[in-house]
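Student:
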Amino acid sequence: MSPSETKDAIAQALEICRGNLVKQVMLDNQIATSFGLRLCLSAEMPLIPRRAGYSAILMNLEHSPIGTETMRDISVACLTVGITPMVVVPTCEAQWISRCFDSGAQAIVVPHVNNVQEAQVYVNASKYPPLGRRSLTMAQPITQYATDIPPHLVAEVVNDNVLILPVIETKEGVSNAESIAAVPGVDALFVGCADLTME
């Protein structure tokens with residue numbers, strides 16, 4: 001690829017890839033707000049929080065009956081209306097993280113993260129090389145299913161548009177919070193107040 005072709009391909013990748021509103025709001029030093037979704041599981045739902053000024057919809061697969069197909073449909077609807085689809089994964093397995101991202105999520109909230117080693121596993125599952133070890137699929141909602149962009153550019157643009165948010169829910173997690181936050185690829189921390197009060 002010539003330098004001119006590379007520049008054009010990068011511009012195309014940036015144009016096709018859906019921007020992450022939560023990330024942009026955070027980079028602007030503002031507060032990002034999310035609309036928690038557990039019960040009303042329609043792909044029309046993103047229209048309401050978007051109109052109300054929310055930055056994201058947060059789908060909780062850990063504590064609600066939302067399935068992967070519904071999560072995908074709502075994620076694609078979020079991308080269409082311009083808010084960030086965020087997903088709390090049901091377990092801390094790396095396959096869940098990549099599966100949710102492949103289905104259209106732009107931010108993954110990982111419950112029960114206690115230490116740096118766990119945080120690194122989740123970053124590896126979230127980011128394409130060289131930042132992580134996520135397996136690349138070319139056809140995905142975040143890139144509008146485009147298959148004509150070079151894989152390394154898809155990886156670069158998608159890496160810039162996904163967030164990983166560990167949840168601190170134990171005393172061990174609290175004591176390691178600063179170290180977890182410092183792991184390259186961790187974008188912010190959540191605090192799981194309910195589980196933390198049970199410690």
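Here the sequence shown stands for residues 1 to 199, numbered as in UniProt numbering. Beta carbons are placed, not taken as given, at the ideal position from N, Cα and C, and that holds for glycine.
Considering only residues of the same chain and omitting the five flanking positions on each side of glutamine 140, which have a CB-CB separation below 6 Å?
Tutor: Cβ neighbours of glutamine 140 beyond the five flanking positions: Asp102.
Student: Can you have a look at proline 49 and say buried or exposed, based on whether 16 or more other CB atoms are within 10 angstroms of its CB?
Tutor: Under this definition proline 49 is a buried residue.
Student: For alanine 155, report the span of its alpha helix (DSSP H) as first-last.
Tutor: Alanine 155 -> alpha helix (DSSP H) spans 151-161.
Student: Glutamine 144: which of Ile16, Asn114, Val121, Val162 sits nearest, CA to CA?
Tutor: If we check each option's Cα against that of glutamine 144, Ile16 comes out closest.
Student: Where do the ends of the beta strand (DSSP E) carrying alanine 56 lie?
Tutor: Looking at the DSSP string, the run of the beta strand (DSSP E) that includes alanine 56 is 56-60.
Student: Could you name the residues of the same chain whose beta carbon sits closer than 7 Å to that of glutamine 120, not counting the 5 residues immediately before and after it, in chain order?
Tutor: Only Val183 meet the Cβ criterion.
Student: How would you call glutamate 5, buried or exposed, if buried means at least 16 neighbouring beta carbons within 10 angstroms?
Tutor: Classification of glutamate 5: exposed, given that the 10 Å Cβ count is below 16.
Student: Using the three-state DSSP reduction, which class does alanine 107 fall into: helix, strand or coil?
Tutor: Three-state DSSP puts alanine 107 in a strand.
Student: Three or more beta-carbon pairs under 8 Å between the stretch 21-28 and the stretch 63-75, yes or no?
Tutor: Contact between the stretch 21-28 and the stretch 63-75 is absent, because fewer than three Cβ pairs lie under 8 Å.
Student: If I follow the unbroken alpha helix (DSSP H) through methionine 138, where does it start and stop?
Tutor: Taken as a continuous stretch (DSSP letters only), methionine 138 belongs to no alpha helix (DSSP H), as it is neither H nor E.
Student: Please classify isoleucine 74: does DSSP put it in a helix, a strand, or coil?
Tutor: Reduced to three states, the DSSP call for isoleucine 74 is helix.
Student: Name the two residues that bound the continuous alpha helix (DSSP H) containing valine 25.
Tutor: Note, valine 25: alpha helix (DSSP H), 21-27.
Student: Exposed or buried, what is lysine 7 when buried is set at 16 or more other beta-carbons lying within 10 Å of its beta-carbon?
Tutor: With fewer than 16 Cβ atoms within 10 Å of its Cβ, lysine 7 is classed as exposed.
Student: Let's test the definition: count the other Cβ atoms within 10 Å of the Cβ of threonine 91 and tell me whether it reaches 16, buried, or not, exposed.
Tutor: So threonine 91 counts as exposed.
Student: If distances are taken between C-alpha atoms only, which option among Met45, His112, Ile31, Glu93 comes closest to proline 85?
Tutor: Comparing Cα-Cα distances from proline 85 to each of Met45, His112, Ile31, Glu93, the minimum goes to Met45.
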